[in-house]
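**Student:** Dropping a structure here in structure tokens format, bear with me for questions.
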Amino acid sequence: MTVHTFPQSLSPGNEQIEYWHSSKADVEGSRNWLGIKSPVVDDLVMKIVNAESREDLVAYTRALDRVLKWGYYVIPQWHLNKFRLAYNSKIAMPETMAPYASDLTSTWWVKADE
């Protein structure tokens with residue numbers, strides 16, 4: 026068993042091809058390192074990429090999630106609905122974060138007076 030994360034955005038899209046599509050299973054350096062080759066997964070991935078509405082995108086993404094769990098390709102290990110952050114008085118960060126910021130630490134800086 027390997028512990029790995031598959032970073033996602035709030036709107037899954039083309040990266041799903043790289044993670045799950047059969048066309049990437051045998052490509053050295055691709056992110057389909059699980060080697061998944063499934064016509065069902067391929068179909069759902071392409072439906073995600075070509076979704077015409079947010080409602081369709083959510084439905085196809087949830088379906089892909091179920092298929093991946095059913096196939097035991099991916100076993101969810103954890104989920105946190107909060108960010109865990111350590112505090113250091115030498116580090117500064119914006120007072121207000123962007124509402125959908127996914128990488129909080131990329132906006133931090135070392136205080137000039139420290």
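Using my numbering, the letters of the sequence shown correspond one by one to residues 26 to 139.
Every residue, glycine too, gets a C-beta built ideally from N, C-alpha and C.
Kindly indicate which residue of THR132, TRP95, ILE116, PRO32 has the alpha-carbon position closest to the one of SER63.
**Tutor:** Numbered from its first residue, the sequence shown carries residue 63 at position 38. The candidate whose alpha carbon is nearest that of SER63 is TRP95.
**Student:** Quick one: what's VAL135 bridged to in DSSP?
**Tutor:** In the sequence shown, residue 135 corresponds to position 110, counting from 1. For VAL135, which the question treats as bridged, DSSP gives the partners ILE116.
**Student:** Would you mind reading off the limits of the alpha helix (DSSP H) that contains ALA84?
**Tutor:** Here residue 84 refers to the residue found at position 59 when the sequence shown is read from its first residue. Segment 79–95, the alpha helix (DSSP H) holding ALA84.
**Student:** Between the Cα of ARG87 and the Cα atoms of ARG109, SER131, GLN41, which residue gives the shortest distance?
**Tutor:** Counting from one through the sequence shown, the residue named residue 87 turns up at place 62. Of the candidates ARG109, SER131, GLN41, the one whose C-alpha sits nearest the C-alpha of ARG87 is GLN41.
**Student:** Under a three-way DSSP split, which group does PRO101 fall into?
**Tutor:** Start at 1 with the first residue of the sequence shown, and residue 101 comes out as number 76. Looking at PRO101 - three-state DSSP - the assignment turns out to be coil, as it is neither helix nor strand.
**Student:** Could you check what DSSP says for LEU162 in three-state terms: helix, strand or coil?
**Tutor:** Outside the displayed span of the chain (26 to 139) sits residue 162, for which this structure offers no information.
**Student:** For TYR44, which option in TRP103, SER55, MET71 has the closest C-alpha, if you only look at C-alpha atoms?
**Tutor:** For this step, residue 44 is matched to residue 19 along the sequence shown. Comparing Cα-Cα distances from TYR44 to each of TRP103, SER55, MET71, the minimum goes to SER55.
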